[in-house]
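Peer 1: In the numbering used here, the protein residues as written are -11 to 182.
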């Protein structure tokens, strides 16, 4: 998810203070977990994959569009760890290039979203998932839905963990989505108007 909405670091202060482990869904779905951790991650992936498909299909003009084009081979999970740091480090401001991101965070604050030029903290809720609209969602909705700029600020004393599921169509699908109109902003097929 470090593409369109993620600027390149140009100085040491823009580097992320985090560790991440990327797991393509093709490496986990359908395989037997060998321990409790593997099984838990696999269950999370299965359930959020279903949720992402359901949310996308509600918005699709053609009900099977995302089912046919957002296959497990193009989606992945990222496990994030943010070690304690006395500096205001973490994950630099960015948007996600995926269509949707589904995030589960632990109880340590750190996620912030930008609104009207101000950063707002997202209070952790153990009973909720955070749905983040990505760059591709914004493009395919012709800007009706906005990709959310966000960042993670580290805690000076506590480590923070989160799990993110990135719902991504295949590269071939993205390349073949031609605009219906090229006057002004392009209008893309695929999403219903709100």
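Glycine included, each C-beta is placed from N, C-alpha and C at the ideal position.
All figures in this text were calculated on a predicted structure; none of them were measured in a lab.
#1: Taking DSSP as the reference, what is the three-state secondary structure of residue 36?
#2: Looking at residue 122: is its Cβ nearer than 8 Å to the Cβ of residue 86?
#3: Cβ-heavy atom distance between residue 87 and the ligand SAM below 7 Å?
#4: Starting from residue 86, trace the alpha helix (DSSP H) in both directions and tell me its first and last residue.
#5: In or out: residue 148 buried (at least 16 other Cβ within 10 Å) or exposed?
#6: Less than 8 Å between the CB atoms is what I'm expecting for residue 117 and residue 90, so what's the real figure, rounded?
#7: Is it true that the CB of residue 95 sits closer than 8 Å to the CB of residue 108?
#8: For residue 146 and residue 112, I'd like the C-alpha separation in whole angstroms.
#9: Report the rounded CA-to-CA distance for residue 45 versus residue 55, giving the unit in angstroms.
#10: How would you call residue 141, buried or exposed, if buried means at least 16 neighbouring beta carbons within 10 angstroms?
#11: Which runs of the beta strand (DSSP E), 3 residues or longer, sit entirely within the stretch 86 to 156?
#12: With 16 other CB atoms within 10 Å as the buried threshold, where does residue 120 fall?
#13: Going by the DSSP bridge assignment, what does residue 68 pair with across the sheet?
#14: In the DSSP assignment, the beta strand (DSSP E) including residue 81 goes from what residue to what residue?
#15: Round the Cβ separation of residue 137 and residue 102 to the nearest angstrom and send it over; I've been treating them as touching at under 8 Å.
#16: When you compare only the Cα positions, how much space is there between residue 8 and residue 154?
#17: Going by CA-CA distance only, name the one from 135, 23 and 35 that's closest to residue 81.
#18: Excluding the 5 residues preceding and the 5 following residue 74 in the sequence, name in chain order all residues of the same chain whose CB lies nearer than 7 Å to its CB.
#19: In angstroms, rounded to a whole number, what distance separates the CA positions of residue 67 and residue 150?
#20: Find the nearest neighbour of residue 12 within the set 43, 63 and 31, judged by alpha-carbon distance.
Peer 2: Let me spell this out:
#1: The residue you call residue 36 lines up with position 48 of the chain shown. Under the three-state reduction of DSSP output, residue 36 falls in the helix class.
#2: Start at 1 with the first residue of the chain shown, and residue 122 comes out as number 134. Start at 1 with the first residue of the chain shown, and residue 86 comes out as number 98. For residue 122 and residue 86, yes; Cβs fall inside 8 Å.
#3: Questions concerning the ligand SAM fall outside what the structure shown contains, since it holds no ligand whatsoever.
#4: Position 98 of the chain shown, counting from 1, holds the residue named residue 86. Element bounds for residue 86: n/a, residue is neither H nor E.
#5: As a first step, residue 148 must be located in the chain shown, where it is residue number 160. Label assigned to residue 148: buried.
#6: By 1-based counting over the chain shown, the position of residue 117 is 129. By 1-based counting over the chain shown, the position of residue 90 is 102. Contact flag correct, Cβ pair sits at about 5 Å.
#7: For this step, residue 108 is matched to residue 120 along the chain shown. For this step, residue 95 is matched to residue 107 along the chain shown. No, these two residues do not count as a Cβ contact at 8 Å.
#8: Start at 1 with the first residue of the chain shown, and residue 146 comes out as number 158. Start at 1 with the first residue of the chain shown, and residue 112 comes out as number 124. Computed Cα separation, rounded: 14 Å.
#9: As a first step, residue 45 must be located in the chain shown, where it is residue number 57. As a first step, residue 55 must be located in the chain shown, where it is residue number 67. Looking at the two C-alpha atoms, the distance is approximately 8 Å.
#10: For the purposes of this step, residue 141 is taken as the residue at position 153 of the chain shown. Answer is buried; the Cβ neighbour count reaches 16.
#11: With a minimum length of 3 residues, the continuous beta strand (DSSP E) runs that stay inside the stretch 86 to 156 are 88 to 93, 99 to 103, 106 to 109, 118 to 121, 138 to 141 and 148 to 155.
#12: In the chain shown, residue 120 corresponds to position 132, counting from 1. Label assigned to residue 120: buried.
#13: For the purposes of this step, residue 68 is taken as the residue at position 80 of the chain shown. Note: residue 68 sits in a beta bridge opposite 8 and 150.
#14: In the chain shown, counting from the first residue as 1, residue 81 sits at position 93. Here the beta strand (DSSP E) through residue 81 covers 78 to 82.
#15: Numbered from 1 along the chain shown, position 149 holds the residue referred to as residue 137. Numbered from 1 along the chain shown, position 114 holds the residue referred to as residue 102. Yes, residue 137 and residue 102 are in contact; Cβ-Cβ is about 4 Å, under 8 Å.
#16: For the purposes of this step, residue 8 is taken as residue 20 along the chain shown, with counting starting at 1. For the purposes of this step, residue 154 is taken as residue 166 along the chain shown, with counting starting at 1. Within the model, the alpha-carbon separation for residue 8 versus residue 154 is close to 14 Å.
#17: Walking along the chain shown from the start, residue 81 turns up at place 93. Taking residue 81 as reference, the option from 135, 23 and 35 with the minimal CA-CA separation is 135.
#18: Indexing the chain shown from 1 puts residue 74 at position 86. Hits under 7 Å: 144.
#19: Counting from 1 along the chain shown, the entry for residue 67 is found at position 79. Counting from 1 along the chain shown, the entry for residue 150 is found at position 162. Rounded to whole angstroms, residue 67 to residue 150 spans 6 Å at the Cα level.
#20: For the purposes of this step, residue 12 is taken as residue 24 along the chain shown, with counting starting at 1. Ranking the options by Cα distance to residue 12, first place goes to 63.
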